[in-house]
Amino acid sequence: MNLIDLPRGYRGLLPRTTRLADESYLDFVETFRGIAGYGNYDQVAQTGDEAVRQQLGETDDTTPIEDIREVINALPFPAAWQRLMRSHQEMMWRRTRGSFLPFDEALLDAMKAAESEGPGKLVYDPNFTPPDYARREIHLQPGGYTDDPIGGVVYHYGTKVFYAGGNDQDEMHAELVDTLTPPADGVVNRVLDLACSIGQATTLLKDRFPDAEVTGLDVALPLLRYAHYQAVARQKAVNYVQGLSEDLPFEDGHFDTILSYILFHEIPVPVIQATVKEASRVLRPGGTFCIFEFPSASADMPASQRWLIDYDSNNNCEPYSPGFVYLDFHALLREAGFELAPGPKNSNGFLQTIVATRPNS
Amino acid sequence: MTDSAQDTPAPAIGQEVFGPGKQFFDNVVHDNLLESLLELTAAVWTCQDRIMILENVLSDLVGDNRNVAELVEAYQPSAQQEAARAAARAELVQSVFRSFSRRPVPGVSPAQNGVDS
Ligand SMILES: C[S@@+](CC[C@H](N)C(=O)[O-])C[C@H]1O[C@@H](n2cnc3c(N)ncnc32)[C@H](O)[C@@H]1O
């Protein structure tokens, strides 16, 4: 089983766009994102925080977000920044999808052919329909995670641009996996990558724990099909399962460790609550739930950061992220019986990291 | 707990990016100008990038009679050439978007204005 025959081949793990002009255009978008998007955000934050101080006085996480939005959105620099962020994000998805769409049949055929091949398995129920909340066009990706049959390759290249070149060969996923905290007793027989998308961390988990059974679970079949096809082509023995984090198809105490990278801010609060309970159920006593996630609000979270999360929610199709940010996530984990410790430092300073351990009873 | 979607038809693909889009300025022309600027810069870069690659290809090819356009499409830049492309691209982005950082922004100290410094 070989990689899908694309006109311009691959660069390492990453498929190349099908035309040079697409690569150049998307390279521009990527470089723009790094310089004018991430690079100019500090100015947006400073000018925004200063205006908020002048107009609203001292603020904390109870200050109505509507008031903060009104002050910062009226400033020209943040307005321009928002415009450019939204526009370049649209450019990224349109061009990425446009590049691979002419090859959709070859892509779908290759993924279909891989379904009956190993070493790992792809498990799904053809009658399963994802719940409506999971079918939003998160981050503006056309068809979202669930509804574009070629969404896997589109997600792969689109997120390459999103990470502004820092994850072309899964470097960022390698950092997650390298810094994952195994149970204190060192026993790792079964590992779950919860909401694994296209399996970038899943295969690396197998590399780190070669003797363990490694499973990636996600709601989105287009992403899992691509993940499985990639795993077959690279002979990685990992299993992928379509399912819901809030209703995990595993026995009690099945896993020794679970990784969850940026799932929780993308699901509604009742689903977050159920997912935490499910994670606790399927972990064995002493097992670790390693969480890398959006920050939780606190009294000292700057107004500009609250504005950024609000911008992202309204204009980058992140409908559920404020629900997560303003939830007392740590309390929720404790209520589900976890003992919490700060997780490893991550080079993405925006993220919080938590190691939630299921106590030995 | 989750709403059942058994009868929900698949949503149209790309409502977010192919729809009417968002407006961030009271005067929508400002939105449009900025978006045009982005597309224009992307187009300029796309041309410049191709030319750079073409030059690389041609210099590799001196004296050879093969199809340059196909070779350009299939070209795999070396790490060094890739770095040169990235540097030139960053320079273009810096120059086109310098206007956003050269004029002082309220609340930002002058030292922090200026991508170039
Ligand atoms: C931001 S992505 C996660 C990134 C991924 N963990 C990685 O390593 O790159 C969020 C993922 O959550 C999945 N998802 C959303 N709701 C879900 C649910 N209820 N159960 C399982 N997966 C879900 C989406 O399909 C998507 O792949």
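As given, the protein sequences belong to chains H and D, one line each in that order.
Those letters in the first sequence? Residues 140 to 500, per my numbering, in order.
Those letters in the second sequence? Residues 1163 to 1279, per my numbering, in order.
Even glycine gets a Cβ: it sits at the ideal position worked out from N, Cα and C.
Secondary structure remark: continuous alpha helix (DSSP H) runs of at least 4 residues inside the region 259-318 of chain H, in chain order: 290-301 and 310-317. Against chain H, the CB of residue 1193 of chain D has a partner CB under 8 Å away; the residue lies at that interface. Taking 8 Å as the CB threshold, residue 454 of chain H lines the interface with chain D. According to DSSP, residue pairing for residue 480 of chain H in a beta bridge involves H:494. In the pairwise beta carbon analysis, the region 251-263 of chain H is classified as touching the region 370-389 of chain H: at least three pairs are separated by under 8 Å. Not one beta carbon of chain D lies nearer than 8 Å to the beta carbon of residue 314 of chain H.
By the Cβ test, the region 298-307 of chain H is not in contact with the region 405-419 of chain H, since fewer than three Cβ pairs between them sit closer than 8 Å. Residue 171 of chain H belongs to the set of residues whose beta carbon lies under 8 Å from a beta carbon in chain D. DSSP links residue 430 of chain H through a beta bridge to H:399 and H:493.
Counting along the chain, the unbroken beta strand (DSSP E) around residue 357 of chain H starts and ends at 352-357. Taking 8 Å as the cut-off, the beta carbon of residue 186 of chain H is found no closer than this to the beta carbon of residue 145 of chain H. Look at residue 467 of chain H here: in three-state DSSP terms it is coil, with no helix or strand label.
Residue 148 of chain H and residue 217 of chain H have their C-alpha atoms spaced approximately 40 Å apart.
For the region 1189-1216 of chain D, the beta-carbon criterion of a distance under 9 Å to any beta-carbon of chain H is satisfied by 1192, 1193, 1196, 1197, 1199, 1200, 1201, 1203, 1204, 1205, 1206, 1207, 1208, 1209, 1210, 1211, 1212 and 1215. In this structure, DSSP gives residue 210 of chain H a helical state, which the three-state scheme calls helix.
Against chain H, the CB of residue 1256 of chain D has a partner CB under 8 Å away; the residue lies at that interface. A distance of 8 Å or more separates the beta carbons of residue 326 of chain H and residue 348 of chain H. The three-state reading of DSSP puts residue 425 of chain H in strand, counting E and B together. Distances between the C-beta of residue 223 of chain H and the heavy atoms of ligand 1 are all 7 Å or more. In this structure, ligand 1 has no non-hydrogen atom nearer than 7 Å to the beta-carbon of residue 370 of chain H. Distance from residue 385 of chain H to residue 403 of chain H at the Cβ level is roughly 11 Å; contact not present, criterion being Cβ atoms closer than 8 Å. With respect to the 8 Å criterion, residue 284 of chain H and residue 407 of chain H are not classified as neighbours on the basis of their beta carbons.
According to the DSSP assignment, residue 152 of chain H belongs to no beta strand (DSSP E), since it is labelled neither H nor E.
At a beta-carbon threshold of 7 Å, the residues of chain H lying near residue 1177 of chain D are 276, ordered along the chain.
Under the DSSP assignment, residue 246 of chain H falls outside any beta strand (DSSP E), being part of the alpha helix (DSSP H) whose first and last residues are 243-253. When 7 Å is used as the limit between beta carbons, residue 1234 of chain D is near these residues of chain H: 159, in chain order.
Burial is judged here by how many other beta carbons sit within 10 angstroms of a residue's own beta carbon; residue 468 of chain H has at least 16 and is buried. Going by C-alpha positions, residue 318 of chain H is about 30 Å away from residue 279 of chain H. At least one heavy atom of ligand 1 lies closer than 7 Å to the C-beta of residue 312 of chain H. In terms of beta-carbon proximity, residue 459 of chain H stays away from the interface with chain D, with every pair separated by 8 Å or more.
Interface criterion met: the Cβ of residue 1251 of chain D is under 8 Å from a Cβ in chain H.
A distance below 7 Å between beta-carbons, with the five flanking residues on each side excluded, links residue 234 of chain H to the following residues of its chain, in chain order: 161, 164 and 165.
Look at residue 405 of chain H: its beta carbon is less than 7 Å from one of the heavy atoms in ligand 1. According to the DSSP assignment, residue 439 of chain H belongs to no alpha helix (DSSP H), since it is labelled neither H nor E. Think of a sphere of 7 Å around the beta carbon of residue 232 of chain H: the chain D residues whose beta carbon falls inside it are 1179, in chain order. When secondary structure is reduced to three states using DSSP, residue 1259 of chain D falls in the coil class, being assigned neither helix nor strand.
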